[in-house]
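In this note's numbering, the protein residues as written are 7 to 338.
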């Protein structure tokens, strides 16, 4: 009885956002322009990456190299009016499909409206990695096992999502630049190894943003839980970017049959161009809270983040496991 009531509650919670996104999606159809679509190449069992992008030409070569290495078979990109060579570059990549989307990123619910249209059109029944180009997924054995290996195991235990902790990375001096195609894991290898608060349901806070900016306001806390890897279905619905997902069985750290592996999403926001980008995004106001976090980032002083005894150098997934930031679970 309790299970029936709980399921009824969550289904009712889904009705409004799904109708709302559907209405916005109908409104936004005219804002989609196909640049290069190769979705006919997608086969049963393929793993698909989806990303909403803006002026990411510098990051994309390594992003594609990294996720191809993990076993992603096709990439779906939604380009929100970039004015660099992003679209032309991706149009030339044989495993990429790209659409130009016009309009406000904020009004599209941080790109949700656009990405859900694409996910529900092309990705039902597929495992999907929903990412930004500065996010890199790390999971147990990711140096030797592909996403196909991971999703096969998750399927075997009835788990259709992967919980991850977002870990912000940075360089030692704070003024390191990034060349096009450069390996971000090598260029910005440090992260806060300690100071995270993670409750049993996976709600997590911490990292350098909390120690740099937090003054007690809940508004200033950056939620670090994410579910970037999901087996997409007609019921799937991201809420609050990828921090929360419906139905509720997708929004759990562990499944009912086993202690599941968990991962980390390494986040590379900080480089020598951060303050310029942050000021631009703060002025655009396209992110939540009027781009509150970008206004904070614009005030960040180079070299502030690295601290002896707190900053840890990333070497492999085992670095994160040793600190308790990801777990192998029952996967052997």
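No residue lacks a Cβ here, since even glycine has one placed at the ideal position from N, Cα and C.
Cβ pair residue i, residue j closer than 7 Å
i, j, result
"residue 322", "residue 149", "yes"
"residue 118", "residue 54", "no"
"residue 41", "residue 124", "no"
"residue 272", "residue 153", "no"
"residue 208", "residue 247", "no"
"residue 316", "residue 181", "no"
"residue 274", "residue 140", "yes"
"residue 312", "residue 178", "yes"
Cα-Cα separation, residue i to residue j
i, j, result
"residue 336", "residue 183", "40 Å"
"residue 28", "residue 176", "Legend: pLDDT at residue 28 = 46, less than 50; position of this residue unreliable, value from coordinates given subsequently. Straight-line Cα distance between these residues: approximately 38 Å."
"residue 52", "residue 92", "24 Å"
"residue 135", "residue 127", "15 Å"
"residue 38", "residue 57", "15 Å"
"residue 309", "residue 276", "11 Å"
"residue 329", "residue 200", "8 Å"
"residue 226", "residue 216", "Its pLDDT being 46, under 50, residue 226 is placed unreliably in this model, and the value from its coordinates should be taken loosely. Whole-angstrom Cα-Cα distance: 8 Å."
"residue 146", "residue 196", "19 Å"
"residue 185", "residue 94", "19 Å"
"residue 334", "residue 250", "22 Å"
"residue 68", "residue 262", "36 Å"
"residue 230", "residue 202", "9 Å"
Bridge partner(s) assigned by DSSP for residue i
i, result
"residue 171", "231, 270"
"residue 236", "134, 167"
"residue 123", "Bridge partners of residue 123: none, in fact."
"residue 218", "According to DSSP, residue 218 bridges with nothing at all."
"residue 58", "84"
"residue 48", "Partner(s): none; residue 48 has no beta bridge."
"residue 40", "105"
For residue i, the nearest candidate out of the options (CA to CA)
i, options, result
"residue 266", "157, 45, 88", "157"
"residue 138", "194, 81, 123", "81"
"residue 60", "77, 88, 66", "88"
"residue 269", "243, 200, 326", "326"
"residue 155", "313, 99, 78, 319", "78"
"residue 101", "233, 83, 317", "83"
"residue 238", "142, 65, 130", "130"
"residue 332", "113, 178, 109, 204", "204"
"residue 189", "65, 151, 98", "65"
Next on the checklist: Check whether the segment 159-174 and the segment 247-260 are in contact - that is, three or more C-beta pairs closer than 8 Å.
Outcome noted: Yes, the segment 159-174 is in contact with the segment 247-260.
Checklist entry - If you pair each beta-carbon of the segment 209-218 with each one of the segment 170-187, do three or more pairs fall below 8 Å? => result Cβ pair count under 8 Å is three or more, so yes.
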